[in-house]
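Trainee:
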Amino acid sequence: MSRNAVAKVRENSARPMRLTVLGATGSVGKSTLDLVSHSPGRFEIVALTAQSNARELAALARLHNAKLAVIGDEKCLPDLREALAGTSILSAAGADALVEAALMPADCVLAAIVGAAGLRPTFAAASRGGRVALANKECLVSAGHVFTAEVARSGAELLPVDSEHSAAFQALAGANPDTIEKIVLTASGGPFRTWQREALESVTPEQALKHPNWSMGSKITIDSATLMNKGLELIEAFHLFPVGVDALDCIVHPQSVVHCLVSYVDGSVLAQLGAPDMRTPIAVALAWPERMVAPTAKLDLAKLGSLTFEAPDEERFPALRVAREALHRGDTAPAVLNAANEIAVGAFLGGKLKFLDIANLVEHTLEIAERQGAIAPASSLDDVLAVDDCARQLAEEALQRYV
Ligand code: NDP
Numbered sequence: 032m033s034r035n036a037v038a039k040v041r042e043n044s045a046r047p048m049r050l051t052v053l054g055a056t057g058s059v060g061k062s063t064l065d066l067v068s069h070s071p072g073r074f075e076i077v078a079l080t081a082q083s084n085a086r087e088l089a090a091l092a093r094l095h096n097a098k099l100a101v102i103g104d105e106k107c108l109p110d111l112r113e114a115l116a117g118t119s120i121l122s123a124a125g126a127d128a129l130v131e132a133a134l135m136p137a138d139c140v141l142a143a144i145v146g147a148a149g150l151r152p153t154f155a156a157a158s159r160g161g162r163v164a165l166a167n168k169e170c171l172v173s174a175g176h177v178f179t180a181e182v183a184r185s186g187a188e189l190l191p192v193d194s195e196h197s198a199a200f201q202a203l204a205g206a207n208p209d210t211i212e213k214i215v216l217t218a219s220g221g222p223f224r225t226w227q228r229e230a231l232e233s234v235t236p237e238q239a240l241k242h243p244n245w246s247m248g249s250k251i252t253i254d255s256a257t258l259m260n261k262g263l264e265l266i267e268a269f270h271l272f273p274v275g276v277d278a279l280d281c282i283v284h285p286q287s288v289v290h291c292l293v294s295y296v297d298g299s300v301l302a303q304l305g306a307p308d309m310r311t312p313i314a315v316a317l318a319w320p321e322r323m324v325a326p327t328a329k330l331d332l333a334k335l336g337s338l339t340f341e342a343p344d345e346e347r348f349p350a351l352r353v354a355r356e357a358l359h360r361g362d363t364a365p366a367v368l369n370a371a372n373e374i375a376v377g378a379f380l381g382g383k384l385k386f387l388d389i390a391n392l393v394e395h396t397l398e399i400a401e402r403q404g405a406i407a408p409a410s411s412l413d414d415v416l417a418v419d420d421c422a423r424q425l426a427e428e429a430l431q432r433y434v
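For what it's worth, my numbering labels the leading residue of the sequence shown as 32, then goes sequentially.
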């Protein structure tokens, strides 16, 4: 980092960081606002958003004295207004209002809306040219090339929030791409790591929602149980870091203490370690290139005793293979993968699809999409959204075979 850039960071850190949180009522959103509560005077909250949880959004907006609170579902606006009565906090509702919230002047937008619903607001945040702390993985998975092009065009500063990518970002530390041999993301293996395939036939949503290490929203928790999450993360890493597909790998590490390992040509392997708590990678994304205090459990390696690693089993967890193949296929295959997976996870949570059929439905949808010519290069967000829409319809139709 140049002396000028360091001086600018120091100058900026003298005043509060103006922060917008998209998806404020979610797991990542609330962890972010918890960090804000622990750092009085460091942040000024501009806008907070949610989809339907008006009461909680209003409570967070009051607590953090936000300027604006936006609810995605317009039917929830009266509730939001009622809960904000007596304050000067502005309120709005609807998809366009989410985009407007993302466009408000702010130093950093933390993008933590779940799913493809986060694409438009996160693109809007990137178009401003400020810092985007990116949790919404769908922007990179479904629209990687288009999103990174928008970031390059606007000069936005993109910082990953996903713990493995934050770890890679830290272990890479601006390394010369020619010196990087491999980036290895770790996976906890989820709650069924040791289960036999036959036992996986009858997994219930309640069982799948019990992640051994991380506390997260329901969609990503199911993705962790199928290992689809690791597949999505490989696609994210491909767009974030200057390496080819073959330099990306993953390894199962049940303790979730090592988040990523970067191997260099000289045989060095740099890893980032930390307790499994999203407040650490969020703090990295908010404070970089400095560090801020995060009230997380401190790592006690002596107490842990040992850290273990094993190869992922793609026979029992085929979602990882399906995602890797979509990454290799390229074009809009990852967008189809993501959309079909959202439908499949929703159907599983709704009791309409078996656990093992999540990956089957996604793979099946990819095959149909390929046959119908829906997998093709995308040159704009609208192209990606059209493919997302088409893939959802194909997945819904294919779902009928499984019910
Ligand atoms: P949650 O389900 O906990 O929260 C999602 C947030 O998005 C909520 O604020 C929700 O509002 C809002 N939301 C839901 N649907 C819509 C919609 N259609 N339009 C606008 N807003 C919507 O998700 P997580 O916090 O777990 O995850 C957020 C993102 O971060 C995901 O992309 C996930 O993959 C990624 N991520 C999460 C990690 C984690 O530890 N949780 C780790 C790494 C990445 P409401 O409460 O009103 O429904």
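Think of the CB as a built atom: it goes at the ideal place given N, C-alpha and C, for glycine as much as any other residue.
1. DSSP has Thr80 in a bridge; who is on the other side?
2. Leaving out five residues before and five after Arg86 in sequence, what residues of the same chain have Cβ atoms less than 8 Å from its Cβ?
3. Sorted by chain position, which residues of the same chain lie with C-beta nearer than 6 Å to Gly221's C-beta, five sequence neighbours on each side aside?
4. Heavy atom of the ligand PLP less than 6 Å from the Cβ of Thr56, yes or no?
5. Hey, is the stretch 148-164 in contact with the stretch 172-190, meaning 3+ C-beta pairs nearer than 8 Å?
6. Do you know how far the Cα of Glu346 is from the Cα of Val376?
7. To which residues of the same chain is Arg352 closer than 6 Å at the C-beta, ignoring the five residues directly before and after it?
8. Tell me which residue opens and which closes the beta strand (DSSP E) that Met48 is part of.
9. Lys61 lies in the beta strand (DSSP E); which residues open and close that run?
10. Alpha carbon to alpha carbon, how far is Ile338 from Pro285?
11. Helix, strand or coil: how does DSSP classify Leu338 here?
12. Enumerate, from N- to C-terminal direction, the unbroken beta strand (DSSP E) stretches of 3 or more residues contained entirely within the stretch 126-201.
13. To which residues of the same chain is Ile214 closer than 7 Å at the C-beta, ignoring the five residues directly before and after it?
14. Within 10 Å of its beta-carbon, does Gly149 have 16 or more other beta-carbons around it, so buried, or fewer, so exposed?
15. Residues bridged to Glu75 by DSSP?
16. Spatial neighbours of Val393 within its chain, please: CB distance less than 8 Å, with the 5 preceding and 5 following residues excluded, ordered by chain position.
17. Select from Lys98, Ile76, Val77, Ile102 the residue whose C-alpha is nearest the C-alpha of Leu88.
18. Does the distance between the C-beta of Ser197 and the nearest non-hydrogen atom of the ligand NDP fall short of 6 Å?
19. Residues in its own chain within less than 6 Å of Lys261 by CB, not counting five upstream and five downstream?
20. Please classify Phe386 as buried or exposed, where buried requires at least 16 neighbouring CB atoms within 10 angstroms.
21. Is it buried or exposed for His196, if we count other Cβ within 10 angstroms and need 16 for buried?
22. Out of curiosity, what's the CA-to-CA distance linking Val415 and His395?
23. At the level of alpha carbons, what is the spacing between Asp297 and Leu203?
24. Within 10 Å of its beta-carbon, does His270 have 16 or more other beta-carbons around it, so buried, or fewer, so exposed?
25. Starting from Gln303 and walking both ways along the beta strand (DSSP E), at which residues does that stretch end?
26. Quick one, which of Gly117, Ser83, Lys168 has its alpha-carbon nearest Leu129's?
27. Reducing DSSP to helix, strand and coil, say where Ile253 ends up.
28. Do you know offhand how far Gly348's Cα is from Thr363's?
29. Return helix, strand or coil for Ala38, following the three-state DSSP convention.
30. Less than 7 Å between the C-beta atoms of Gly248 and Ser410, yes or no?
31. Counting along the chain, where does the alpha helix (DSSP H) carrying Leu271 start and finish?
32. Measure how close the beta-carbons of His95 and Val324 come, nearest whole angstrom, since I'm counting them as under 8 Å.
33. Residues in the same chain with beta-carbon distance under 6 Å from Gly125, minus the five sequence neighbours each way, listed in chain order, please.
34. What first and last residue would you give for the alpha helix (DSSP H) that runs through Asp280?
35. In this structure, does DSSP put Ala422 in helix, strand or coil?
36. Applying the criterion that 16 or more other CB atoms from any shown protein chain within 10 Å of the CB defines a buried residue, is Arg310 buried or exposed?
Mentor: This is what the structure holds:
1. DSSP output for Thr80 lists Val101 as bridge partner(s).
2. Closer than 8 Å at Cβ, skipping near neighbours: Asp110, Ala114.
3. By the criterion of a C-beta distance shorter than 6 Å, Gly221 is surrounded in its chain by Ser255, Ala256, once the five residues flanking it on both sides are discounted.
4. What this structure holds is the ligand NDP, not the ligand PLP.
5. The stretch 148-164 vs the stretch 172-190: in contact.
6. Approximately 19 Å, taken between the alpha carbons.
7. The answer, listed in chain order, is Glu345.
8. Boundaries of the beta strand (DSSP E) harbouring Met48: 48-53, taken from the DSSP string.
9. In the DSSP assignment, Lys61 falls outside any beta strand (DSSP E) and lies within the alpha helix (DSSP H) extending over 58-69.
10. Looking at the sequence provided, one finds Leu at residue 338 rather than Ile. Distance between the alpha carbons of Leu338 and Pro285 is about 8 Å.
11. DSSP places Leu338 in the coil class of the three-state scheme, outside both helix and strand.
12. For the stretch 126-201, whole beta strand (DSSP E) runs of length 3 or above, ordered along the chain, are 139-142, 162-165, 188-191.
13. Ala199, Ala268, Phe272, Val274, Ala278, Leu279, Cys291, Val293.
14. Around the beta carbon of Gly149, a 10 Å sphere encloses 16 or more other beta carbons of the protein chains shown; the residue is thus reported as buried.
15. Note: Glu75 sits in a beta bridge opposite Arg49.
16. In its chain, beyond the 5 residues on either side, Met259, Ala350, Val353, Leu368, Ala371, Asn372, Ala375, Ala426 have a beta carbon closer than 8 Å to the beta carbon of Val393.
17. Checking every option, the nearest Cα to that of Leu88 belongs to Ile102.
18. Checking the 6 Å criterion, the Cβ of Ser197 is out of range of every heavy atom belonging to the ligand NDP.
19. Taking Lys261 as the centre and dropping the five residues before and after it, the same chain places the C-beta of Ala218, Cys281, Leu351 closer than 6 Å to its C-beta, in chain order.
20. By the neighbour-count rule (16 or more Cβ atoms within 10 Å), Phe386 is buried.
21. Label assigned to His196: buried.
22. Taking the straight line joining both Cα atoms gives about 20 Å.
23. The alpha-carbon of Asp297 is positioned some 14 Å away from that of Leu203.
24. His270 comes out buried.
25. 300-304 is the extent of the beta strand (DSSP E) around Gln303.
26. Relative to Leu129, the option among Gly117, Ser83, Lys168 whose CA is nearest is Ser83.
27. Reduced to three states, the DSSP call for Ile253 is helix.
28. The question names Gly, yet the displayed sequence has Phe at residue 348. CA-CA distance, Phe348 to Thr363, rounds to 23 Å.
29. Note that Ala38 scores a pLDDT of 49, beneath 50, so its modelled location is shaky and nothing firm can be said.
30. By the CB criterion at 7 Å, Gly248 and Ser410 fall outside the cutoff.
31. Secondary structure note for Leu271: its alpha helix (DSSP H) is the uninterrupted segment 259-271.
32. Not confirmed; about 18 Å, so no contact.
33. Within its own chain, the residues whose Cβ lies closer than 6 Å to the Cβ of Gly125, once the five positions on either side in sequence are excluded, are Glu105, listed in chain order.
34. Boundaries for Asp280: no alpha helix (DSSP H) harbours it, while the beta strand (DSSP E) harbouring it runs 279-283, taken from the DSSP string.
35. Of the three classes helix, strand and coil, the one that applies to Ala422 here is helix, per DSSP.
36. Arg310 should be labelled buried.
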